[in-house]
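Since the structure comes first, as structure tokens, the remarks are kept for the end.
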Amino acid sequence: MNVNDVLTAVLVLIGAPIIGCLAAGIDRKLTARLQGRVGPPLLQPYYDVKKLLSKDNMIVNESQNLYVVVYVAFMILSLLMLVFKADILMIIFVYTISSIALIVGGMSTGSPYARIGSSREIMAILSYEPVLILYALAIYLVTGTFKLSAVLDASTPLLMYTPLIFIAMLFVLNIKLKKSPFDYSTSHHAHQELVKGMLTEYSGPGLAGIEIGHFYEYVFLTGLIFVFWTVNPLIGVLISIAAFLLVIVIDNITARVYWQWMLKLSWTLLLAISIVNIAFLYITKPTLV
Amino acid sequence: MSLAKSPWIIHVNCNSCNGCDIEVVACLTPLYDAERFGLLNIGTPKQADIMVVTGSVNYKSVNVLKNIYNQIPDPKVVLAVGACASTGGIFHDCYNVIGGVDQIIPVDAYVPGCCPKPEAIIDGVVAALSILENKKKGNIRGKEVKLKGKEVASNA
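Residue numbers (the numbering used here), protein chains in the order written: chain A, 1345 to 1633; chain B, 454 to 609.
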């Protein structure tokens, strides 16, 4: 723990929400343009959070607030662990805790809409978690360690050995950002059916906390894509941005499907291509240097 | 200015013929695009700032209206859209109709018309925004409306 580490941590704490906020703004602007609208200003997510912070916090029970704090804290922790090149398996576990916090928070309110949203989010976790674990396993097979520092110090990009897992991770990005066709749990576009899903009972500062957590999540998830090409950070960032824009375009050109469809897709196609990739790595035994 | 830049509305259909509802939804279409002002049609009252009510109030819908009003966190404003929501409209002397929305909950702005044009509705929302800002500055809080008030008929 030296001065540089502290400075990096502070930079991540302040910089990540700004980048996430801009990403969310680009998301809304691009969506509006694809629908033939002018769209809100780029800083609209910032205005929303500012407004939510000035509103009353109307809660059903006190533990609801605790779950928001747990969600944001573990989200920040997993992002910091990613920046400090920690154990990828540990990062995935910490990240899962933050997702679980939102589910438990939704369940604790007792609202039927929040419950349906929460159970759908459990299904989403069930769909993407195996792919994430196989992603960690692929890193282990090519470097001999779960430490991310081995990937970042290597001179060959990870993408060279794991192209199929990269495709699977794009779907994980889509599920985790809760974009159509996997937009089940918080329903950005389905008020009539689910109201606001998991987040129905959150209001004011509580919802603002969740929004800020989402900003960190945007950076964290694109960071997982960045790991695929760390040799030249510029190319890595470009790949991350391209993946993010692809998810927005897919969000706009697809309709929402049943959650069963998501489960079938991930447990057949995504797991199959990931396992093929893992088997290839297991047999050829390449080493990332 | 923070409230005026992202007004989130909840649309409540009390007893409307759907004419005003179609016009409210028309505000969100690409032609008018209310989202360019940050306006979002949000599904849950707990995250809304502006309550847009269409249609006159009847004995079946009165408690739903009060419930939704009570669930909106302060500061909040109520916008009555259409002739029915403002005064009761052509249904004002119907056997089951109580009257306009202002008989039940405090209304801050009215948009008259049967049905009002989308431009008029957006104008009403803009008028409601300045009221919202004043409420925030003056810390004016909405009173909780009691359910099962005297306006509920004994046989309802």
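Backbone N, C-alpha and C define an ideal beta-carbon position, used for all residues, glycine too. Quick caveat: nothing in here was measured; it's all calculated off a predicted structure.
Chain A contact residues for residue i, given Cβ-Cβ distances below 9 Å
{"i": "S509(B)", "result": "Simply none; closest approach about 23 Å."}
{"i": "D561(B)", "result": "Within 9 Å Cβ-Cβ: nothing; D561(B) doesn't reach chain A, min ~17 Å."}
{"i": "K519(B)", "result": "Simply none; closest approach about 16 Å."}
Residue range of the unbroken beta strand (DSSP E) whose run includes residue i
{"i": "H464(B)", "result": "461–466"}
{"i": "A533(B)", "result": "530–534"}
{"i": "G552(B)", "result": "550–552"}
{"i": "I503(B)", "result": "503–507"}
Contact set between residue i and chain B, taken where Cβ atoms lie within less than 8 Å
{"i": "R1381(A)", "result": "P483, D486, E488, R489"}
{"i": "M1402(A)", "result": "K499, Q524, P526"}
{"i": "Y1391(A)", "result": "S455, K458, S459, G491"}
Opening and closing residue of the alpha helix (DSSP H) in which residue i lies
{"i": "Y1415(A)", "result": "1407–1427"}
{"i": "I543(B)", "result": "Premise fails: I543(B) is in no alpha helix (DSSP H) and is neither H nor E."}
{"i": "P1577(A)", "result": "1577–1597"}
{"i": "A580(B)", "result": "571–591"}
{"i": "T482(B)", "result": "Careful: T482(B) lies outside any alpha helix (DSSP H) and carries neither H nor E."}
{"i": "Q524(B)", "result": "515–524"}
{"i": "W1605(A)", "result": "1603–1609"}
{"i": "F1624(A)", "result": "1615–1628"}
{"i": "Q1388(A)", "result": "1388–1397"}
{"i": "Y1560(A)", "result": "1548–1570"}
{"i": "G1369(A)", "result": "1347–1378"}
Per-residue contacts from residue i into chain B (C-beta, under 7 Å)
{"i": "K1399(A)", "result": "P526"}
{"i": "K1394(A)", "result": "S455"}
Beta bridge counterpart(s) of residue i as assigned by DSSP
{"i": "Y563(B)", "result": "A533(B)"}
{"i": "K499(B)", "result": "Per DSSP, none; premise fails for K499(B)."}
{"i": "A494(B)", "result": "One point to set straight first is that residue 494(B) is Asn, not Ala, in the sequence displayed. DSSP output for N494(B) lists I462(B) as bridge partner(s)."}
{"i": "D1431(A)", "result": "K1491(A)"}
{"i": "N511(B)", "result": "V550(B)"}
Residues that residue i contacts on chain A, provided the C-beta gap is smaller than 7 Å
{"i": "K599(B)", "result": "Those within 7 Å of K599(B) in chain A number zero; the least Cβ separation is about 18 Å."}
Contact test: residue i Cβ vs the ligand HEM heavy atom, cutoff 8 Å
{"i": "I1441(A)", "result": "Among the components of this structure there are no ligands whatsoever, and the ligand HEM is therefore not found."}
Chain-ordered neighbours of residue i on chain B, where CB pairs are closer than 9 Å
{"i": "T1544(A)", "result": "G496, T497, K499, Q500"}
> In the segment 1509–1544 of chain A, which residue ranges form an unbroken alpha helix (DSSP H) of at least 4 residues, counting only runs that do not cross its ends?
Replying inline: 1535–1538
> When Cβ atoms are compared, which residues of the segment 1359–1387 of chain A fall closer than 7 Å to chain B?
Replying inline: A1376, Q1379, G1380, R1381, V1382, G1383, P1384
> If contact means a Cβ-Cβ distance below 9 Å, which residues of the segment 580–597 of chain B contact chain A?
Replying inline: K589, R594
> Taking a cut of 8 Å between CB atoms, which residues from the segment 1548–1579 of chain A lie near chain B?
Replying inline: G1548, L1551
> Relative to chain A, which residues along the segment 538–562 of chain B have a C-beta separation below 7 Å, given in chain order?
Replying inline: none
> At a Cβ cut of 7 Å, what residues of the segment 458–482 of chain B count as close to chain A, listed as they run along the chain?
Replying inline: K458, S459
> What beta strand (DSSP E) runs, 3 residues minimum, are completely inside the segment 1436–1513 of chain A?
Replying inline: none
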